[in-house]
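Note that UniProt numbering has the sequence shown beginning at 1, numbered continuously upward. Every residue, glycine too, gets a C-beta built ideally from N, C-alpha and C.
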Amino acid sequence: QTRSLLGVFEEDAAAISNYINQLFQAMHRIYDAQNELSAATHLTSKLLKEYEKQRFPLGGDDEVMTSTLQQFAKVIDELSSCHAVLSTQLADAMMFPITQFKERDLKEILTLKEVFQIASNDHDAAITRYSRLSKRRENEKIKAEVTEDVYTSRKKQHQTMMHYFCALNTLQYKKKISLLEPLLGYMQAQISFFKMGSENLTEQLEEFLTNIGTSVQNVRREMDCEVENMQQTIEDLEVASDPLYLPDPDPTKFPAHRNLTRKAGYLNARNKTGLVSSSWERQFYFTQGGNLMSQARGDVAGGLVMDIDNCSVMAVDCEDRRYCFQITSFDGKKSSILQAESKKDYEEWICTINNISKQIYLSENPEEIAARVNQSALEAVTPSPSFQQRHESMRPAVQSRPPAARTSSTGSLGSDSAGLSALSLDSLVAPDTPIQFDIISPVSEDLPGQAKSSGQSGRRTNPFGESGGSKPETEDSILHQLFIVRFLGSMEVKCDESPDVVYETMRQILAARAIHNVFRMTESHLLVTCDCLKLIDPQTQVTRLRFPLPNVVLYATHQENKRLFGFVLRTAGARVESRQTSICYIFESNNEGEKICDSVGLAKQIAFHAELDRKASEKQKEIDRVKEKQQKELNKQKQIEKDLEEQSRLIAASSRSNQSSAEGQFVVLSSSQSEDSDLGEDGKKKRESEA
């Protein structure tokens, strides 16, 4: 596109040059030949009249310019028979501006064109040398020299190109000035020569010339402003484009886009010239639908290279060149080896051709689908192996339920839905209830009545139940089923005991989407476990919403469109009078919604049995605790009785010991008294002191 647009500007410059040369020759005849003044003036008038017939690619439809030149031509034609030679005035006022434009501005365009062509050829040569760098025998000095050569040539080409384009843009203003200024000078010289009194130079013509002079000054000021803006733009582009001069930029700063379904750029194509010899040709390649096209420089349109629908693409090693890949057609009869300039282009070309080969480009949102295909290869339902092994026997019981028990894959807790079938629609869903069309992140708004721990918010969830560094909360769950769903909307409902609530909510949400032209849907992964339902972001694996399974009181699929399903979540009341509220969530699935409802029913059944087992276990533990407590009390009572018996024995033994001791003391006392009587007074004192 740039080359084609440049060709248009160059063609316009050539047309301007051709026309200016003719006008210059005409004015030069006025200046050179006094005897040919009348004929030259007539020719000038004729050329001015033919301006509207000129086919300028950029300025042929300027009506103001055309009408102005037509009026000039008319006046000059009227004065052609009576003009005289005014050599000095004509040299200063007429010949000088057009000579400056012809000799300086037009030659500057030609010089810049040659410099740009040389810079472009140098850049092509540098790119060719860079492409020949060996991948196996890397010489850092040669690589640095070649990279520097590419950098210098690319920068030189870019700077030359910008100055060349600036000169081409400025030429459009200079063209008007070079046409108007000589004519203005010519007319002013004529007016001065006739001393403002000529019959052909009226006051109206003078006013017209004044307006033209003002217009020329305005054009000049506009040109100066535009040139200043272009110079500033050139400086900004030079600063911003400096990293892009490198042939292989840093992939961390410029990552590859893997979700493209269209790609265009220069590639080196390998052409075999013999049995073992080959040549490489640099061409511009682009994708168009399911076709790979190429266009050589100077061609009007591109040519078909290969049909890449259902093709295969792979990286190859070819002639010790880097970033090579091979495209093979679906029938294997045609293949092409191409070389990209950088690693980023190399990866983007391979990913783009892979996406096109899968015919993703035929969809309405190809990049979104390509992102979904590249990010996730999950199926609509992915049961875990542990669930299949431990609960395979439960499937027939779930699938063999009688149709009358649950129609259209619906389930509820509480009472029978037949008693509510006669309720009006307003008693199910209020007409003025607001509808939420998008999922609000748990960071910004929590679900009413839903507890959110600090570890749960924003945590990545593994949908396959694989254990990582930290133990997920659903690791102990025996049921893991994953479904791809799209969120349609949610709204508060009045009743949560009848499937009609889900049907009416579906109707109102779909009608509201159609009325308000809401077509965008948030795609998520719905993970069904025995503890909860989770909405997981398919790209970041972050849990968007969590619905506790005991709070899911009703679930159903659409009666006609089985892809639509919904469930009612009963939450703790944050409303008036602290009553409980019920919110109905509606989704669209890739497969039938009955599978999702069956999975939710199976999860609730497993959770119900697990709850019964838990209660029975708790009851048994309570009985064991009571028995253990009774045993402790009994052991304590026995210990008390044993202690009492021991105390009784000790008391009895102590009493007997005291009695025998008393008798012994009595005998000793009697003997001592008899001895005291024999010893006398001195013996008694001695015994008392000893005692």
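| Per DSSP, the bridge partner or partners of G566 | A556 and I586
| message | Let's see if you can read the secondary structure: which residues bound the beta strand (DSSP E) around C532? | response | C532 to I536
| task | Could you pull out every residue in the same chain whose Cβ sits closer than 8 Å to the Cβ of A91, ignoring the five residues on either side in sequence? | result | Y31
| request: Determine the burial state of P182: buried for a count of at least 16 other Cβ atoms within 10 Å of its Cβ, exposed for fewer. | output: buried
| task | Would you kindly work out how many angstroms separate the C-alpha atoms of F286 and E140, rounded to a whole number? | result | 33 Å
| Backbone CA spacing between E588 and Y555 [nearest angstrom] | 13 Å
| field | Beta-carbon proximity check, M521 vs G566, cutoff 8 Å | value | no
| task | Please work out which residues of its chain come closer than 8 Å, Cβ to Cβ, to V373, disregarding the five sequence neighbours upstream and downstream, and give them in chain order. | result | N355, K358 and I360
| Should L183 be counted as a contact of the ligand FMN given a C-beta to heavy atom distance under 7 Å? | The ligand FMN is not part of the structure shown, which contains no ligands of any sort.
| field | At least three beta-carbon pairs within less than 8 Å, the region 218-232 to the region 133-148 | value | no
| Once you ignore the five residues that flank T328 on each side, which residues in its own chain have a CB closer than 7 Å to its CB? | C311, S312 and S335
| task | Kindly indicate which residue of Q188, F193 and F194 has the alpha-carbon position closest to the one of E207. | result | Q188
| query | Would the region 156-172 and the region 108-118 be scored as touching if the rule is three or more Cβ pairs under 8 Å? | reply | yes
| field | Range covered by the beta strand (DSSP E) that runs through C324 | value | C324 to T328
| message | Please classify V64 as buried or exposed, where buried requires at least 16 neighbouring CB atoms within 10 angstroms. | response | exposed
| query | For E379, is the classification buried or exposed, using 16 other Cβ atoms within 10 angstroms of its Cβ as the cut-off for buried? | reply | Low local confidence applies: a pLDDT of 32 at E379 is under 50, so the model's placement there is unreliable, and no value is given.
| request: Specify the secondary structure class of R625 as computed by DSSP and reduced to three states. | output: helix
| message | Between which two residues does the beta strand (DSSP E) holding H525 run? | response | T522 to V528
| Alpha carbon to alpha carbon, what distance is there between T352 and P255? | 14 Å
| task | Report the option in S279, K253, E228 and D345 whose CA atom is closest to the CA atom of G265. | result | D345
| message | Beta-carbon within less than 7 Å of I212's beta-carbon, same chain only, minus the 5 sequence neighbours each way: which residues are those? | response | T68, L180 and L184
| request: Give the DSSP-derived three-state secondary structure of F165 in the structure shown. | output: helix
| field | P243, DSSP secondary structure in three states | value | helix
| Where do the N-terminal and C-terminal ends of the alpha helix (DSSP H) with I127 fall, by residue? | L106 to S131
| Backbone CA spacing between E594 and R3 [nearest angstrom] | 58 Å
| request: Measure the Cβ-Cβ separation of A167 and L112 and say whether it is below 8 Å. | output: yes
| In or out: Q631 buried (at least 16 other Cβ within 10 Å) or exposed? | exposed
| request: State buried or exposed for V300, treating a residue as buried only when at least 16 other CB atoms are found within 10 Å of its CB. | output: exposed
| task | Quick one: grab the DSSP three-state call for V276. | result | coil
| Do the CB positions of C532 and F547 come within less than 8 Å of each other? | yes
| request: Leaving out five residues on either side along the sequence, give the residues of the same chain with a beta carbon under 7 Å from the beta carbon of C584. | output: S490, M491, V493, V501, V502, T505, G566 and V568
| query | What did DSSP end up calling A301 once you bin it into helix, strand or coil? | reply | coil
| Straight-line CA distance for V227 to T170? | 7 Å
| task | Return the first residue and the last residue of the alpha helix (DSSP H) that L5 is part of. | result | T2 to D32
| query | Per the contact definition of three or more C-beta pairs closer than 8 Å, is the region 246-260 in contact with the region 93-102? | reply | no
| query | Looking at L535 and L545, is the spacing between their C-beta atoms short of 8 Å? | reply | yes
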